[in-house]
Amino acid sequence: MTVNSCDEFAYVRDNLARIEQEIQDACAAAGRRREEVTLMAVTKTVDAARINTAIAAGVTHIGENRVQEFLEKRDGLCLDGVQAHLIGHLQTNKVRRIVGQVDMIQSVDSERLARAIATAAADTERGYADVLVEVNIGNEESKSGVPVGELLPLLETIGGISGIRVRGLMAIPPILQTEAEKRAVFHQMYKLFIDIQGKNMDNITMEILSMGMSMDYVEAIREGSTMVRIGSAIFGKRDYH
Ligand SMILES: *Cc1c(COP(=O)(O)O)cnc(C)c1O
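According to our numbering, the sequence shown holds residues 335 to 575 in order.
So this is what it looks like as structure tokens:
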């Protein structure tokens, strides 16, 4: 290895060690077991070599935003034993290219998208696709995700489609300032998650509550997140060029 790649490895490894400690502390503070929370490394704009350093340092889940970027990088990734999820907005015309290539799609927010995924999944070896439904918890105009008021009807519809299985919920909350504000929004997500869990809907299980990013993963874990999606705190500031 060159000096440069050793530095890079140490940088990613040290960030992961610090985050791991924070996750453990947040779990302890919430009376939760560490195993209840999965750390996903969000790898958009990060090159394959750098992603592989994170995998070598113990990362077991990666999240990519864009279909094309993931497919281009994938051959260079050491994904043995690692799950890859699509976490970014998915257009229906790209569905065929990604279904069967990732372990989960976290960004389902419409019946139309769910039907396209189910149709594509029917042609794969497994015959179905695992997904999360993305909730627009802040009801923000600009954001993708289903509005809170439309979540239950959408789940009922998707529950009736074969070829797709909802395994939980995903959310990107609004940018909030105080710890109390962040926790209130995450708590609202957790309540939805638990309420739906109690309904025992067809084809819907609530195992994964994907919420919490670099700036708010501690608060998310305190409020019940089972998967935190962390990018910049692991890899540094993103370079979009
Ligand atoms: C980029 C991204 C993240 C990670 O964001 P950071 O603030 O860098 O941790 C998490 N989830 C989604 C959907 C993202 O697009």
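A virtual CB, placed ideally from N, CA and C, is assigned to each residue, including glycine.
Grouping DSSP H, G and I as helix and E and B as strand, with all else coil, what is Thr426? helix
Quick test of the definition: if touching needs 3 or more C-beta pairs under 8 Å, does the segment 491–502 touch the segment 512–526? no
Can you tell me where the beta strand (DSSP E) with Thr539 in it begins and where it stops? Counting along the chain, the beta strand (DSSP E) containing Thr539 begins and ends at Ile538 to Ser544.
For Met335, which residues from the same chain have a beta carbon less than 6 Å from its beta carbon, with the 5 sequence-adjacent residues on both sides left out? Note that Met335 scores a pLDDT of 43, beneath 50, so its modelled location is shaky and nothing firm can be said.
Residue ranges of each beta strand (DSSP E) within the segment 472–553, 3 or longer: 498–505 and 538–544
Supposed contact pair His423 and Val436 - C-beta distance, whole angstroms, cut 8 Å: With a Cβ gap of about 14 Å, Val436 and His423 do not count as contacting.
Does ligand 1 have a heavy atom nearer than 7 Å to the CB of Ala360? no
Please classify Asp341: is it buried, with 16 or more other beta-carbons within 10 angstroms of its beta-carbon, or exposed? Counting the other CB atoms within 10 Å of its CB gives Asp341 a total below 16, which places it among the exposed residues.
Check the DSSP bridge columns for Leu373 and list the partner residues they point to. Val562
Quick one: Cα of Ile492 to Cα of Leu543, how far? 18 Å
Please determine whether the Cβ atom of Ile357 lies at a distance below 7 Å from any heavy atom of ligand 1. no
In this structure, does DSSP put Glu459 in helix, strand or coil? coil
Give every residue of the same chain whose Cβ lies closer than 8 Å to the Cβ of Glu370, excluding the five residues on either side of it in the sequence, and list them in chain order. Cys361 and Thr560
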